[in-house]
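*Asks:* Next up is a structure, given as structure tokens.
Number of protein chains: 2
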Amino acid sequence: MLPAICRAVLTSRRKLANQSFKRVFETFRMSDRAPTTPDKILDLAEAMFAESGYRAVSVRSITRACGVNIAAIHYHFGSKEALLKQIFAKRSAAINNARFRLLEACRPGPERPPMLEQILEAYLRPSLVLPNGDVGARRFMRLRAILAHEHATLSKGLISKHFNHVSGTFIGALMKELDHLPARGVYWRFHFLLGAQYFTLADPGRIQILSEGACDPADADAALAELVAFTAAGFRAPPADHHALILGTVLS
Amino acid sequence: MLPAICRAVLTSRRKLANQSFKRVFETFRMSDRAPTTPDKILDLAEAMFAESGYRAVSVRSITRACGVNIAAIHYHFGSKEALLKQIFAKRSAAINNARFRLLEACRPGPERPPMLEQILEAYLRPSLVLPNGDVGARRFMRLRAILAHEHATLSKGLISKHFNHVSGTFIGALMKELDHLPARGVYWRFHFLLGAQYFTLADPGRIQILSEGACDPADADAALAELVAFTAAGFRAPPADHHALILGTVLS
DNA sequence: GTCTATAACTCGATAGAC
DNA sequence: GTCTATCGAGTTATAGAC
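The listed protein sequences derive, respectively, from chains A and B. So the first sequence is numbered by my numbering: it starts at 380 and just counts up by one. So the second sequence is numbered by my numbering: it starts at 380 and just counts up by one.
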């Protein structure tokens, strides 16, 4: 008796929910916004992972935020990890395209900055500054930075798969400009550049505290200009002298 | 009947375990090594957090690795978070002391590197290079780096509490050497320095892949020398010109 | 003080009703 | 194809036996 009543109530509710979902769906279609359930999940999951990390965000919280059923992620993607991989596939192509386009636009010229600064800007701009006010790329790069620290084994494969090509190309371009440095030196400095970039994107709030609010990594244009200036000088420095450090003996 | 037998077996086992633990305990006491259960937990938890992150390591896995009871962490520390706080309290004092001692040893001199390089070495050496082969400080700094990205809210308070003083002192010392820079510029560059340091300590394996093994952040002396050279040049660079970037219009 | 047992959750994943 | 219900394994934390 009671089960039957419950079932009837639930069924009617489900139908109502479906109808209202269909209305929302149609609205999205009309205005060319991300409409389908998979796209909505992809977008919201990316935002939530970038905000709080991969492990801290459950599939339940994602589906709840999307207003879709708990089973939707497994139905459309197969697993939580597969969802993350899809996010990487979607975003990294766009960022890499932007980097290559900017790299092609680099050329020497009297009215232009030195080539080193141009190459660095070409590499850093797509991850730091949002084109057309799209928060997507920046958000994804923060996710990348967090994941690299939070879950090294998972991130290592993803980063290698999607970014080895573009990073290698830029390291090659940098080496051509830096013939005073051995290859090892260029790798080390590119590593420091990555660290500074990740830290800016992850934005753990340290610089705001230390500078009492004078600096904010969310100010993307300032961050880009400061980072290009800093790293360009770092790359131009003479090769490191591994015997120049003298404080090693102070601590008994 | 059976319960009584079981209980007897368990009790004898427990007594045996206690006896052998006491032997180990005495051995540790004799050789002045970390002996007590809390110290053992503190040390192993730090190692495991540094290896895999905070969230990924359960109190169960820590107690299991220590060979102590599951309840030991809550008995001795109160909670998983309190254990982490204890780790921070223990380590940060030692690192900060080392940094202050090295900073005091900095002075200009004809046979010495420039003051800027000395100050940077004083700041970076205690976190990168292990004194007396103790892996503790380095391991802890990796934990710091990971936690800052993995769990910003938890890390922010801990870092502020233990490191605001030393960071402020070093920023002040850097500003005295860098009168060509506005304060904002020094803050930005210190932020990049932190990012490069964290990335080196967290060591997500990126540089090894890109350099095909030519560089390894685990080579602490090389990392320190390269990082000092890179950041010193970065700090000496003229103030960033926020209008020097020209590729902003390439991506329509 | 040290242990077991378990409470009280949350997680990812899935089977099966609709 | 969308949903509910639930499985099984994980988690932190604690009460109470010893």
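Glycine is no exception: its CB is placed at the ideal position from the N, C-alpha and C atoms.
For the alpha helix (DSSP H) holding Ser631 of chain B, just list the boundary residues, first then last.
*Replies:* First-last for Ser631 of chain B: undefined, no H or E at that position.
*Asks:* What separation, rounded to the nearest whole angstrom, lies between the Cα atoms of Arg439 of chain B and Ile449 of chain B?
*Replies:* If I take the Cα positions, the gap works out to 6 Å.
*Asks:* Closest Cβ-Cβ distance between Phe359 of chain A and chain B: below 8 Å?
*Replies:* Any question about residue 359 of chain A goes unanswered here, given that chain A covers just 380 to 631.
*Asks:* How far does the alpha helix (DSSP H) with Arg517 of chain A in it extend, from its first residue to its last?
*Replies:* Unbroken alpha helix (DSSP H) run through Arg517 of chain A: Gly515 to Glu529.
*Asks:* Chain A partners of Gly574 of chain B, CB-CB under 7 Å?
*Replies:* Result: Gly574, Ala575, Tyr577, Phe578 and Thr579.
*Asks:* Going by Cα to Cα distance, which pick from B:Arg563, B:Arg518 and B:Ile498 is closest to Ser471 of chain B?
*Replies:* Considering only alpha carbons, the answer is B:Arg518.
*Asks:* Could you list which residues in chain B have their beta carbon closer than 8 Å to that of Asn543 of chain A, in chain order?
*Replies:* Here the neighbours are Ile588 and Leu589.
*Asks:* For Ala429 of chain B, collect the residues of the same chain with a Cβ closer than 8 Å to its Cβ; drop the 5 residues on either side in sequence, then sort them by chain order.
*Replies:* Contacts found: Arg518, Phe519, Arg521, Leu522 and Ile525.
*Asks:* Give a yes or no on whether the C-beta atoms belonging to Ile474 of chain B and Pro505 of chain B are separated by under 8 Å.
*Replies:* Result yes, Cβ atoms of Ile474 of chain B and Pro505 of chain B sit closer than 8 Å.
*Asks:* Under 7 Å Cβ to Cβ from Ser410 of chain A, same chain only, skipping five residues before and after it: list those, please.
*Replies:* Summary for Ser410 of chain A: the model assigns pLDDT 45, below 50, so the residue's position carries little reliability; its value from the coordinates is reported in the next sentence. Answer for Ser410 of chain A: no residue qualifies.
*Asks:* Classify Thr628 of chain A: buried if its beta carbon has 16 or more other beta carbons within 10 angstroms, exposed otherwise.
*Replies:* Result: exposed.
*Asks:* Under 8 Å between the Cβ atoms of Tyr502 of chain B and Ala593 of chain A?
*Replies:* Not in contact: Tyr502 of chain B and Ala593 of chain A (Cβ atoms no closer than 8 Å).
*Asks:* Excluding the 5 residues preceding and the 5 following Ala581 of chain A in the sequence, name in chain order all residues of the same chain whose CB lies nearer than 7 Å to its CB.
*Replies:* Excluding sequence neighbours, Ala581 of chain A sits near Arg521, Ala524 and Ile525.
*Asks:* Closest Cβ-Cβ distance between Leu603 of chain B and chain A: below 8 Å?
*Replies:* At least one chain A Cβ lies under 8 Å of Leu603 of chain B.
*Asks:* Whose CA, out of B:Pro583, B:Gly515 and B:Leu507, lies closest to the CA of Thr532 of chain A?
*Replies:* Among B:Pro583, B:Gly515 and B:Leu507, the Cα nearest to that of Thr532 of chain A belongs to B:Pro583.
*Asks:* Using a beta-carbon distance cut-off of less than 8 Å, what residues from the stretch 522–537 of chain A approach chain B?
*Replies:* Those residues of the stretch 522–537 of chain A that come within reach of chain B (Cβ to Cβ, closer than 8 Å) are Ala524, Ile525, Ala527, His528, Glu529, His530, Ala531, Ser534 and Lys535.
*Asks:* Would a check of beta-carbon distances place Phe571 of chain B closer than 8 Å to chain A?
*Replies:* By this cut-off, Phe571 of chain B is an interface position.
*Asks:* Between the stretch 483–505 of chain A and chain B, which residues of the former have a C-beta closer than 8 Å to a C-beta of the latter?
*Replies:* Residues Ala484, Cys485, Arg491, Pro492, Glu496, Gln497, Glu500, Ala501, Arg504 and Pro505.
*Asks:* What is the DSSP secondary structure of Ile474 of chain B, counted as helix, strand or coil?
*Replies:* In this structure, Ile474 of chain B counts as helix in the three-state DSSP scheme.
*Asks:* Tyr577 of chain B to Gly574 of chain A, Cα distance in whole Å?
*Replies:* Each residue's Cα considered, the two are about 7 Å apart.
*Asks:* Between Pro618 of chain B and Leu572 of chain B, is the Cβ-Cβ spacing less than 8 Å?
*Replies:* It is not a contact, given that the beta carbons lie outside the stated cut-off.
*Asks:* For a contact defined as C-beta to C-beta under 8 Å, what are the partners of Thr610 of chain B on chain A?
*Replies:* By Cβ distance, chain A contributes Phe571 and Gly613.
*Asks:* With 8 Å set as the bound, which would you pick, yes or no: does the beta-carbon of His621 of chain B sit closer than that to a beta-carbon of chain A?
*Replies:* It does; some Cβ of chain A falls within 8 Å.
*Asks:* Give a yes or no on whether 8 Å exceeds the smallest Cβ distance from Arg480 of chain A to chain B.
*Replies:* Cβ-Cβ to chain B under 8 Å: yes for Arg480 of chain A.
*Asks:* Would you call the stretch 484–500 of chain B in contact with the stretch 489–497 of chain A, where contact means no fewer than 3 C-beta pairs closer than 8 Å?
*Replies:* As far as the Cβ criterion goes, the stretch 484–500 of chain B does not touch the stretch 489–497 of chain A, which means the pair count is below three.
*Asks:* Is DSSP giving Gly613 of chain B helix, strand or coil here?
*Replies:* DSSP places Gly613 of chain B in helix when its eight states are reduced to three.
*Asks:* For Leu626 of chain B versus Glu500 of chain A, is the C-beta distance shorter than 8 Å?
*Replies:* Taking 8 Å as the Cβ cut-off, Leu626 of chain B and Glu500 of chain A qualify as a contacting pair.
*Asks:* Could you check the C-alpha separation between Ile588 of chain B and Ser458 of chain B for me, to the nearest Å?
*Replies:* Cα-Cα distance, rounded: 38 Å.
*Asks:* Less than 8 Å between the CB atoms is what I'm expecting for Leu606 of chain B and Thr579 of chain B, so what's the real figure, rounded?
*Replies:* Contact flag correct, Cβ pair sits at about 7 Å.
*Asks:* With 8 Å as the C-beta to C-beta threshold (strictly closer), list the residues of the stretch 545–570 of chain B near chain A in chain order.
*Replies:* Within the stretch 545–570 of chain B, the residues whose Cβ lies closer than 8 Å to some Cβ of chain A are Ser546, Gly547, Ile550, Ala562, Arg563, Gly564, Tyr566, Trp567, Arg568, Phe569 and His570, listed in chain order.
*Asks:* Which residues bound the alpha helix (DSSP H) around Arg668 of chain A?
*Replies:* The requested residue 668 of chain A is not part of the displayed model; chain A covers only 380 to 631.
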